[in-house]
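A.B. asks:
There are 2 protein chains.
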Amino acid sequence: MKDFPGTPGTFTGLFLRISQFLFAAGAIASMATADGFTNYTAFCYLIASMGLQVIWCLGLAFLDAYALSKKKLLRNPILVSLFVVGDWVTATLSLAAACSSAGIVVLYDRDLGYCKLLGCRKFQISVFLAFMSWLLIEISSLIMFWLLAAG
Amino acid sequence: MKDFPGTPGTFTGLFLRISQFLFAAGAIASMATADGFTNYTAFCYLIASMGLQVIWCLGLAFLDAYALSKKKLLRNPILVSLFVVGDWVTATLSLAAACSSAGIVVLYDRDLGYCKLLGCRKFQISVFLAFMSWLLIEISSLIMFWLLAAG
Numbered sequence: 001m002k003d004f005p006g007t008p009g010t011f012t013g014l015f016l017r018i019s020q021f022l023f024a025a026g027a028i029a030s031m032a033t034a035d036g037f038t039n040y041t042a043f044c045y046l047i048a049s050m051g052l053q054v055i056w057c058l059g060l061a062f063l064d065a066y067a068l069s070k071k072k073l074l075r076n077p078i079l080v081s082l083f084v085v086g087d088w089v090t091a092t093l094s095l096a097a098a099c100s101s102a103g104i105v106v107l108y109d110r111d112l113g114y115c116k117l118l119g120c121r122k123f124q125i126s127v128f129l130a131f132m133s134w135l136l137i138e139i140s141s142l143i144m145f146w147l148l149a150a151g
Numbered sequence: 001m002k003d004f005p006g007t008p009g010t011f012t013g014l015f016l017r018i019s020q021f022l023f024a025a026g027a028i029a030s031m032a033t034a035d036g037f038t039n040y041t042a043f044c045y046l047i048a049s050m051g052l053q054v055i056w057c058l059g060l061a062f063l064d065a066y067a068l069s070k071k072k073l074l075r076n077p078i079l080v081s082l083f084v085v086g087d088w089v090t091a092t093l094s095l096a097a098a099c100s101s102a103g104i105v106v107l108y109d110r111d112l113g114y115c116k117l118l119g120c121r122k123f124q125i126s127v128f129l130a131f132m133s134w135l136l137i138e139i140s141s142l143i144m145f146w147l148l149a150a151g
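Quick mapping for you: the protein sequence lines, in order, are chains A and B.
The numbering of the first sequence is the UniProt record's numbering, which starts it at 1 and goes up by one.
The numbering of the second sequence is the UniProt record's numbering, which starts it at 1 and goes up by one.
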């Protein structure tokens, strides 16, 4: 397996995982403190999906930190297969959650103009952070898939 | 490059492209015949995204059919790179469009109960077809990426 930035057990890999964790945690915090988010299925789904991402990224960040401290590279094909599946599922769920929430925010903000009355700032911030988190986990996902395929 | 189902220039590849085209065209038809879809940004975006997918899949279906008729396998790395980027972009846009529209349909159907008054059947069918189309192009996308990475 080739060695390039973002592979598990490297500093860039650890940096990617911590960034994903921070953005996902930020998205949850912003959504959970917004008024009336429980009335919307999509916003609850965003919290669930970002919650899954927080657990996944934190777990992998610890694994990366452990590998770095022991100076090991995590290149076992079974382990990489697990990372590929996990990253792909988490990335797909994150994008789905971010987009379904973004659909509602755009509906309320642009199409119906409710945001002037209700205030959607926290929903918008949460959706933005969820998109950032997705972007980073998508990068990780593509790196893992490449690692697995390139053998 | 290894030979497995779904690679460009094979019958399964052609079948995948035609299925993606049909589902995307069905999603457009169902959305375009629904009343008042132009009032919703997400629904207009669904049509635009599925329109892009229709053009992309139809082009690749013709290319696959041509390769099959000439008994050629399309394995040029530059061509496969182009397929990877195109499939990845189309798949991501399709999922984003399907999810943002699904967010609004779920909001109207489950959260607000407007669907009993307005009728959302065509929106629901369109979103379902868009998801099916995304699922198939995601499969193509993963196959292409694997082909490129495995060299």
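Cβ atoms here follow ideal geometry from the backbone N, Cα and C, with glycine treated the same way.
Source: prediction; values computed, not measured.
#1: Rounded to whole angstroms, what's the CA-CA distance from Val-84(A) to Leu-148(A)? Just pull it up for me.
#2: So with Cβ pairs under 9 Å, would you call Asn-76(B) a contact of chain A?
#3: Can you tell me the Cα-Cα spacing of Gly-113(B) and Thr-92(B), whole angstroms?
#4: Examine chain B for any beta-carbon lying closer than 9 Å to the beta-carbon of Ala-27(A), and answer yes or no.
#5: Would you decide whether Phe-11(B) is buried or exposed? Buried here means 16 or more other CB atoms lie within 10 Å of its CB.
#6: Would you grab the beta carbon distance between Gly-9(B) and Leu-74(B) for me? Rounded to a whole angstrom, and I think it's under 8 Å.
#7: For Ala-102(B), go through chain A and note every residue whose CB falls closer than 9 Å to its CB, in chain order.
#8: Report, in whole angstroms, the separation of the C-beta atoms of Met-31(A) and Ser-126(A), which I expect to be a contact under 8 Å.
#9: Tell me the residue span of the alpha helix (DSSP H) that contains Tyr-45(A).
#10: To the nearest angstrom, how far is it from the Cα of Cys-44(A) to the Cα of Phe-37(B)?
#11: How would you list, in chain order, the residues of chain B whose beta-carbon sits under 9 Å from the beta-carbon of Trp-146(A)?
#12: Got a sec: which bits of the region 82-93 of chain A sit with their beta carbon under 9 Å from any beta carbon on chain B, in order along the chain?
#13: Which residues of chain C have a Cβ atom closer than 8 Å to the Cβ of Asp-111(A), listed in chain order?
#14: Comparing the C-beta of Val-106(A) with each C-beta of chain B, is any distance below 9 Å?
#15: Starting from the C-beta of Phe-21(A), find all residues in its chain whose C-beta is less than 7 Å away, skip the five residues before and the five after it, and write them out in chain order.
#16: In three-state DSSP terms, what is Leu-74(B)?
#17: Could you check which residue in Ile-137(A), Cys-99(A), Ser-81(A), Leu-82(A) has the C-alpha nearest to that of Thr-90(A)?
#18: Does DSSP put Tyr-114(A) in a helix, in a strand, or in coil?
#19: Can you name, in chain order, every residue of its own chain whose Cβ lies under 6 Å from the Cβ of Pro-5(A), other than the five neighbours on each side?
#20: Distance check for Phe-145(A) and Asn-76(A), CA to CA, integer angstroms please.
#21: I want to see whether chain B comes within less than 9 Å of Leu-60(A), judged by CB atoms only; does it?
#22: Rounded to whole angstroms, what is the Cα-Cα separation between Ala-96(A) and Ser-69(B)?
#23: Counting only beta-carbon separations shorter than 9 Å, does Leu-142(B) have a partner in chain A?
C.D. replies: Once the coordinates are examined:
#1: Taking the straight line from one Cα to the other gives about 8 Å.
#2: no
#3: 30 Å
#4: no
#5: exposed
#6: 4 Å
#7: Ala-42, Ala-96, Cys-99, Ser-100, Gly-103
#8: 4 Å
#9: 41-69
#10: 25 Å
#11: Phe-145, Leu-148, Ala-149
#12: Trp-88, Thr-92
#13: Chain labels in this structure do not include chain C; the protein chains are A and B.
#14: yes
#15: Val-54, Cys-57, Leu-58, Ala-61
#16: coil
#17: The candidate whose alpha carbon is nearest that of Thr-90(A) is Ile-137(A).
#18: coil
#19: Thr-12
#20: 13 Å
#21: Judged by the 9 Å Cβ criterion, Leu-60(A) is not in contact with chain B.
#22: 39 Å
#23: yes
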